[in-house]
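Novice:
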Amino acid sequence: MPQTPNIRLLIVDDHDMLRSGLALFIQTCPDLSLVGEASTGQQAIEECQRLQPDVVLMDLIMPEMDGVTAIQHIRKHFPAIQVIALSSFVDEGLVSSALSAGAISYLLKNTSIDGLANAIRDASNGKATLAPEAAQALVNAAHRPPIPNYPLSNREQEVLTLMVQGLSNNEIAENLIIGVSTVKKHVSSVFAKLGVTSRAEAVALAVRYHLVAE
Amino acid sequence: MLRDTALILTSTLDFSEVTDQILMNIGRLVPHDAATFLLIENNSAYVARARGYDPSLEINLRGFHVAIAESDRISQMLRTKKPVLITHWEEHGVWDRISGMERMHSLVAAPILDEEEVIGFLKLHSLTANFFTEEHAKLLQVFAAQVAIAIRNSRAHEQAQSLAVLHERHRLARELHDAVTQTLFSANVIAETVPRLWQDIPKPIQTQLQQLQVLTRGALAEMRTLLLELRPEYLGHIDLEAQIRQLLDAVKARKVITVKFTAQIDVPIPVPVRVAFYRIAQEALNNIVKHAHASQLQVVLTTHDDCAQLIIEDNGIGFDDNDKHAGFGLHTMSERAEEIGAVLNVVTLPQGGTKVNVIWEITKED
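In order, the protein sequences belong to chains A and B. With the first letter of the first sequence counted as 1, position 213 gets the number 213 in this note's numbering; the numbers rise by one all the way through. With the first letter of the second sequence counted as 1, position 165 gets the number 165 in this note's numbering; the numbers rise by one all the way through.
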């Protein structure tokens with residue numbers, strides 16, 4: 001039963017071979033047509049404006065503008081376009097920021113081509129698809145015990161950021177041009193607010209929950 | 001003089017250099033025949049460095065542990081946080097265990113305080129009785145305060161360095177994963193697509209293409225598994241069913257084997273149980289790939305009532321209790337099961353093959 005292509009697709013990924021592999025696969029799906037490709041977030045936005053695709057397959061980690069920023073922009077300016085995040089990673093932070101930026105689905109780069117084709121069809125009908133690992137990451141985020149007394153003050157936030165970079169109290173003091181004893185006071189209130197007892201624990205928590213910009 | 005030593009002590013961050021500097025410089029303030037630097041670990045103090053003793057005594061002293069309760073002097077300093085001066089040292093107590101110490105006839109010692117906590121001691125000995133004075137004790141205490149700062153700095157530095165290593169490892173893991181996964185995913189997409197583009201594909205080529213798919217899927221799965229090993233803190237985040245499927249994908253790429261996997265999870269499985277089940281599955285599948293010579297493999301993951309159960313069964317040669325590889329694997333599995341209070345059963349089946357069965361039950365406490 002010959003079908004006329006009715007879902008117009010844009011692929012965004014900085015990996016050339018991946019784009020050409022996906023282009024080949026889309027040829028085998030009669031109801032899908034590839035209208036364009038982009039290798040950065042900025043290009044993706046331009047191509048969305050020019051081509052008005054139905055669905056965008058979006059990589060998240062790309063040079064120049066990353067996928068999450070591009071998704072935000074696309075969803076804001078072209079709300080009719082659905083975006084599927086297609087990533088190698090399932091970090092909690094990445095999944096939730098892609099979805100809150102407006103991606104309808106989150107797939108991993110281990111999905112089968114049939115799974116991918118179905119997710120594209122569903123997305124064009126406004127239906128979401130989540131890789132099981134991504135769903136688990138969201139559940140974990142929801143079940144995470146709330147961090148006591150978070151947020152931190154600006155100063156505490158700065159101190160935590162430098163702790164994550166591996167600086168000692170003395171180095172932090174030099175960096176922020178404050179006394180070592182003041183640094184110590186901030187460090188202990190950071191510990192208290194995060195509910196931890198050691199520097200290593202505080203840093204681990206900060207990294208895991210993306211409490212500081214990396 | 002004291003400022004000089006402070007400068008020297010804080011000039012290096014390397015812990016063993018710091019302790020060497022401490023013992024080398026202490027004599028400029030307080031003359032002595034021998035010096036010992038002790039650190040507290042759990043409930044004992046151990047000799048981290050010793051200097052000035054004759055070589056055999058120095059060797060005997062190195063690493064010597066004293067239980068805090070065993071030494072009145074150490075207990076006293078822990079309590080009072082003040083130095084101790086003994087002008088006529090005759091009862092050597094625990095130190096009698098070290099030959100050569102009996103020649104020391106006076107001592108002065110001071111606690112090293114980090115904030116308000118005693119973290120170690122400096123002890124100076126003299127062959128002469130009545131050698132040290134109250135003034136020496138005071139000087140030693142001031143010196144000990146400098147030592148505390150040097151130790152704190154070097155420990156903070158060591159901690160920062162190990163954190164930096166951890167960071168670097170995470171970054172490498174991410175980059176490796178990202179790069180290799182992209183490539184493998186592309187290969188997989190192509191391997192899956194080609195048979196659809198080519199209608200009358202000859203049978204042998206079809207088989208080869210299928211194998212290519214199995215290989216790329218297997219490599220993708222191995223990549224993800226390795227990433228998890230590099231960042232074990234993510235183990236608690238896993239979706240057990242997806243993770244076991246991934247282990248099985250990796251098995252299929254390594255062995256020609258028919259795999260059947262059924263999962264029925266109706267109630268959430270707690271994180272430690274998920275981690276233990278994952279580790280047990282990993283070990284069992286590893287054994288199958290390496291030793292079982294199996295052609296079929298069946299994995300069942302279920303929850304019912306208050307239980308979670310994982311069964312891994314193959315049709316291989318079974319295992320021999322005396323085989324030390326099998327024994328090692330079994331030991332690892334039973335440790336994992338024990339940690340969560342699960343019951344593990346590993347048997348060779350009468351028809352051949354091995355069955356690993358682990359059941360975890362919520363223990364009801366009232």
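C-beta atoms are modelled at their ideal positions from N, C-alpha and C, and glycine is treated no differently.
(1) For A/Arg155, which of A/Leu167, A/Ala137 and A/Thr182 has the nearest alpha-carbon?
(2) Does DSSP classify A/Pro132 as helix, strand or coil?
(3) A/Ala85 and A/Gly67 look like a contact to me (Cβ under 8 angstroms); what is the Cβ gap, rounded to whole Å?
(4) For B/Asn153, return the contacting residues in chain A, with the cut-off set at a CB-CB distance below 8 angstroms.
(5) Using a Cβ-Cβ cutoff of less than 6 angstroms, which residues in the same chain neighbour B/Val347 once the five nearest sequence positions on both sides are dropped?
(6) Out of A/Ile45, A/Glu201, A/Ala117 and A/Ile11, state which residue places its alpha-carbon closest to the alpha-carbon of A/Asp31.
(7) Looking at chain B, which residues of the stretch 23 to 43 of chain A have a Cβ within less than 8 angstroms of any of its Cβ atoms?
(8) Give every residue of the same chain whose Cβ lies closer than 7 angstroms to the Cβ of B/Glu361, excluding the five residues on either side of it in the sequence, and list them in chain order.
(9) Count Cβ pairs between the stretch 68 to 85 of chain A and the stretch 50 to 58 of chain A that sit closer than 8 angstroms; are there 3 or more?
(10) Start and end of the alpha helix (DSSP H) containing A/Leu60?
(11) Apply the 10 Å Cβ neighbour rule to A/Lys76 and answer buried if 16 or more other Cβ atoms are within range, or exposed otherwise.
(12) Take B/Glu134 as the anchor and find which of B/Ala145, B/His157 and B/Ala110 has the nearest alpha-carbon.
(13) Can you say whether A/Leu194 is buried or exposed, counting buried as having 16 or more other CB atoms within 10 angstroms of its CB?
(14) For the beta strand (DSSP E) containing A/Thr28, name the first residue and the last one.
(15) Starting from the beta carbon of B/Leu139, find every residue of chain A whose beta carbon is closer than 8 angstroms, and list them in chain order.
(16) For B/Lys260, count the other beta carbons within 10 Å of its own beta carbon; 16 or more makes it buried, fewer makes it exposed. Which is it?
(17) Under the rule that 16 or more other beta-carbon atoms within 10 Å means buried, what is B/Thr262, buried or exposed?
(18) Give the straight-line distance between the Cα atoms of B/Ile14 and A/Ala200, rounded to the nearest whole angstrom.
(19) Please report whether the beta-carbon of A/Glu64 lies at a distance below 8 angstroms from any beta-carbon of chain B.
(20) Just to make sure I have the definition right: I need the residues of chain B whose C-beta is within less than 9 angstroms of the C-beta of A/Met175. Which are they?
(21) Using a C-beta cutoff of 8 angstroms, does A/Met1 count as contacting chain B?
(22) What residue ranges within the stretch 62 to 121 of chain A form continuous beta strand (DSSP E) runs of no fewer than 3 residues, ordered along the chain?
(23) Using 8 angstroms as the threshold, is the C-beta distance between B/Ser56 and B/Gly100 below it?
(24) What is the rounded straight-line gap between the Cα of A/Val212 and the Cα of B/Arg171?
(25) Would you mind telling me which residues of chain B sit closer than 7 angstroms to A/Arg199, beta carbon to beta carbon, in chain order?
(26) With DSSP run on the structure shown, which of helix, strand or coil describes B/Ala144?
(27) Provide the residue span of the alpha helix (DSSP H) that contains B/Pro55, from first to last.
(28) Please report the straight-line C-alpha distance between B/Ile265 and B/Tyr278, rounded to a whole angstrom.
(29) Measure from the C-beta of B/Phe367 to each C-beta in chain A and report whether the shortest distance is under 8 angstroms.
(30) Which residue from A/Pro63, A/Thr161, A/Phe25 and A/Ser20 puts its Cα closest to that of A/Gly41?
(31) Can the beta-carbon of B/Ile40 be found less than 8 angstroms from the beta-carbon of B/Ile119?
(32) Taking Cβ-Cβ distances shorter than 7 angstroms, what residues in chain B pair up with A/Glu133?
(33) Would B/Gln208 count as contacting chain A if we go by Cβ distances under 8 angstroms?
(34) List the whole-angstrom C-beta distance separating B/Ala148 from B/Leu124, where the pair is believed to meet the contact cut-off of C-beta under 8 angstroms.
(35) Can you tell me where the beta strand (DSSP E) with B/Gly120 in it begins and where it stops?
(36) What residues of chain B sit near A/Asn6, judged by a beta carbon separation below 8 angstroms?
Specialist: According to the data block:
(1) A/Thr182
(2) helix
(3) 7 angstroms
(4) Ser168 and Asn170
(5) Lys355
(6) A/Ala117
(7) Leu24, Phe25, Gln27 and Thr28
(8) Asp306 and Cys307
(9) yes
(10) First-last for A/Leu60: undefined, no H or E at that position.
(11) exposed
(12) B/Ala110
(13) buried
(14) Counting along the chain, A/Thr28 falls outside any beta strand (DSSP E), and DSSP gives it neither H nor E.
(15) By Cβ distance, chain A contributes nothing, its closest Cβ being about 25 angstroms from B/Leu139, past 8 angstroms.
(16) exposed
(17) exposed
(18) Here the sequence assigns Asp to residue 14 of chain B, which means Ile is not the residue at that position. Answer to the nearest angstrom: the Cα atoms are 20 angstroms apart.
(19) no
(20) Note on residue identity: the sequence assigns Asn, not Met, to residue 175 of chain A. In chain order: nothing, as chain B lies at least about 13 angstroms away.
(21) Any reading at A/Met1 is ruled out, since the residue's pLDDT is 47, under 50, leaving its predicted position unreliable.
(22) 82 to 87 and 105 to 108
(23) yes
(24) 16 angstroms
(25) Gln159
(26) helix
(27) Pro55 to Leu61
(28) 15 angstroms
(29) Absent from the structure is residue 367 of chain B, since the part of chain B shown begins at 1 and ends at 366.
(30) A/Pro63
(31) yes
(32) Asp239 and Ala242
(33) no
(34) Not quite, the Cβ-Cβ distance comes to about 17 angstroms (not below 8 angstroms), so this is no contact.
(35) Glu117 to Ser126
(36) Near A/Asn6 there are no residues of chain B at all, since even the closest Cβ is about 19 angstroms away, more than 8 angstroms.
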